[in-house]
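Trainee: Residue numbers (UniProt numbering): 1 to 318.
1. When the Cα of residue 271 is compared with those of 101, 166, 148, which residue comes out closest?
2. Distance, Cα to Cα, residue 228 vs residue 240?
3. Using 8 angstroms as the threshold, is the region 81-95 in touch with the region 104-113, meaning 3 or more CB pairs across them?
4. Quick check: residue 27 and residue 38, are their CB atoms within less than 7 angstroms of each other?
5. Could you check the C-alpha separation between residue 263 and residue 173 for me, to the nearest Å?
6. When you compare the region 218-226 with the region 170-189, are there three or more beta-carbon pairs, one atom per stretch, that lie closer than 8 angstroms?
7. Between residue 151 and the rest of its own chain, which residues show a CB-CB distance below 6 angstroms, the 5 nearest in sequence each way excluded?
8. Counting Cβ pairs, one atom from each stretch, are 3 or more of them under 8 angstroms apart for the region 276-290 and the region 175-195?
9. Determine the direct distance from the alpha carbon of residue 6 to that of residue 25, and round the result to whole angstroms.
10. Ignoring anything shorter than 3 residues or poking outside the region 155-179, list the beta strand (DSSP E) runs there in chain order.
11. Specify whether the region 243-259 and the region 131-144 touch according to this definition: at least 3 beta carbon pairs, one from each stretch, less than 8 angstroms apart.
12. From the DSSP output, which residues share a beta bridge with residue 219?
13. Would you check if there are 3 or more beta carbon pairs closer than 8 angstroms linking the region 191-208 to the region 119-133?
14. Given that a residue counts as buried once 16 or more other Cβ atoms are within 10 Å of its Cβ, and exposed if not, what is residue 124?
15. Is it buried or exposed, residue 3, if we count other Cβ atoms within 10 angstroms and call 16 or more buried?
16. Taking just the CA atoms, how far does residue 43 sit from residue 16?
17. Using only CA atoms, which one of 182, 236, 115, 179 lies nearest to residue 208?
18. Relative to the C-alpha of residue 277, which candidate in 249, 93, 156 has its C-alpha closest?
19. Taking DSSP's pairing of strands, which residues face residue 214 in a bridge?
20. Between which residues of its own chain and residue 148 is the CB-CB distance below 8 angstroms, once the five residues before and five after are set aside?
21. For residue 203, tell me which candidate among 130, 221, 181, 244 has the shortest Cα-Cα distance.
22. Since residue 260 sits in a beta bridge, which residues does DSSP pair it with?
23. So which of 32, 29, 47 has the shortest CA-CA distance to residue 8?
24. Is it buried or exposed, residue 18, if we count other Cβ atoms within 10 angstroms and call 16 or more buried?
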């Protein structure tokens, strides 16, 4: 509050001390009145009065609105240039070189301040864009595993199903579950369980053959893999690779019959003869995963949706 009070008084004094002497000098050129000296003394008398009488309540009342503050901040780059330009114009007739120099400096200062303002604006805009992208990436990424989260998966499966329907292309969905994960947590505690999920996510991500394939954490110990333009045989081949990639991690698991962490995979595929939908793909993939859980660690199940069959055709991969 004291700092605001100080600058409030100084700003009033500087404005008055600029205007009054200018009036004094303008009149003095034509007339030499005795009372003109009051224009020189008045700003200092007013300064004393302000220091003696101004109160904090007055300062609060005098606080400018946000709109005024924005206008002042926006116009601040031209204040210095305007002052130099005005000074140059006032002395141009009597002192040509001084006036011309002042006007030239005004133009240079205005250009420099304008460049600086534009640079800061561009930097602020780039910073906002980068922050927006970072926030968008955080929203779409699972905080634990670093892969896509459920929100991103829901968006992508909807978009890929529309694309497959529009172009009459196949699409496949893999639902993955970590076998006996609850027992793993009970035995090794949750921190080890989190690390297990992280390693599995990395293995799944590193095994996907194409950049447009998506692996996402579906929830808990479940993962989902979306394979655009991929039929049943291709999806089953990818499922085998994912199964082997996790098995190669050899994450010790005392509650597993094999002694290490394994996954079960349910595969759902839609060929080009049928219009895919996210609900249908997810339902059949869940059903395939349920059947695959009966043979944990060794095999998986797949369902192929075809218009020719009018039903889901069940298959398996080992």
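The beta carbon of each residue, even a glycine, is placed where N, CA and C say it ideally should be.
Mentor: This is what the structure holds:
1. Mapped onto the chain shown, residue 271 falls at position 271. Ranking 101, 166, 148 by Cα distance to residue 271 puts 166 first.
2. In the chain shown, counting from the first residue as 1, residue 228 sits at position 228. In the chain shown, counting from the first residue as 1, residue 240 sits at position 240. Near 17 angstroms, if we compare the C-alpha coordinates of residue 240 and residue 228.
3. For the pair of segments examined, the region 81-95 was found to touch the region 104-113: the number of CB pairs separated by less than 8 angstroms reaches three.
4. For the purposes of this step, residue 27 is identified with residue 27 of the chain shown, where counting begins at 1. For the purposes of this step, residue 38 is identified with residue 38 of the chain shown, where counting begins at 1. Contact: no.
5. Locating residue 263 in the chain shown gives position 263, counting from the first residue. Locating residue 173 in the chain shown gives position 173, counting from the first residue. Whole-angstrom Cα-Cα distance: 16 angstroms.
6. Contact between the region 218-226 and the region 170-189 is present, because at least three Cβ pairs lie under 8 angstroms.
7. In the chain shown, residue 151 corresponds to position 151, counting from 1. Within the same chain, residue 151 has no close Cβ partners at all.
8. The region 276-290 vs the region 175-195: in contact.
9. Position 25 of the chain shown, counting from 1, holds the residue named residue 25. Position 6 of the chain shown, counting from 1, holds the residue named residue 6. Rounded to the nearest angstrom, the two C-alpha atoms are 29 angstroms apart.
10. With a minimum length of 3 residues, the continuous beta strand (DSSP E) runs that stay inside the region 155-179 are 171-178.
11. When Cβ pairs closer than 8 angstroms are counted between the two stretches, the region 243-259 is seen not to touch the region 131-144, the count staying below three.
12. For the purposes of this step, residue 219 is taken as the residue at position 219 of the chain shown. Per DSSP, 222.
13. By the Cβ rule, the region 191-208 does not count as touching the region 119-133, because fewer than three pairs are nearer than 8 angstroms.
14. Counted from its first residue, the chain shown places residue 124 at position 124. Exposed, since its Cβ has fewer than 16 Cβ neighbours within 10 Å.
15. Along the chain shown, one-based indexing puts residue 3 at 3. That one is exposed.
16. For the purposes of this step, residue 16 is taken as residue 16 along the chain shown, with counting starting at 1. For the purposes of this step, residue 43 is taken as residue 43 along the chain shown, with counting starting at 1. C-alpha separation (whole angstroms): 6 angstroms.
17. Your numbering for residue 208 matches position 208 in the chain shown. Residue 208 has its Cα closest to that of 236, out of 182, 236, 115, 179.
18. For the purposes of this step, residue 277 is identified with residue 277 of the chain shown, where counting begins at 1. Between residue 277 and the set 249, 93, 156, the nearest pair of CA atoms involves 156.
19. Position 214 of the chain shown, counted from the start, is the residue given in the question as residue 214. Looking at the DSSP assignment, residue 214 forms a beta bridge with 226.
20. Locating residue 148 in the chain shown gives position 148, counting from the first residue. Take residue 148, set aside five residues on each side of it, and the residues of its chain with a beta-carbon closer than 8 angstroms to its own are 140, 141, 142, 156, 214, 215, 216, 217, in chain order.
21. Looking up residue 203 in the chain shown gives position 203. Relative to the Cα of residue 203, the nearest Cα in the group 130, 221, 181, 244 belongs to 244.
22. Here residue 260 is taken as the residue at index 260 of the chain shown, counted from 1. Beta-bridge pairing links residue 260 to 252.
23. By 1-based counting over the chain shown, the position of residue 8 is 8. Answer by Cα proximity: 47.
24. In the chain shown, the residue the question calls residue 18 occupies position 18. So residue 18 ends up on the exposed side.
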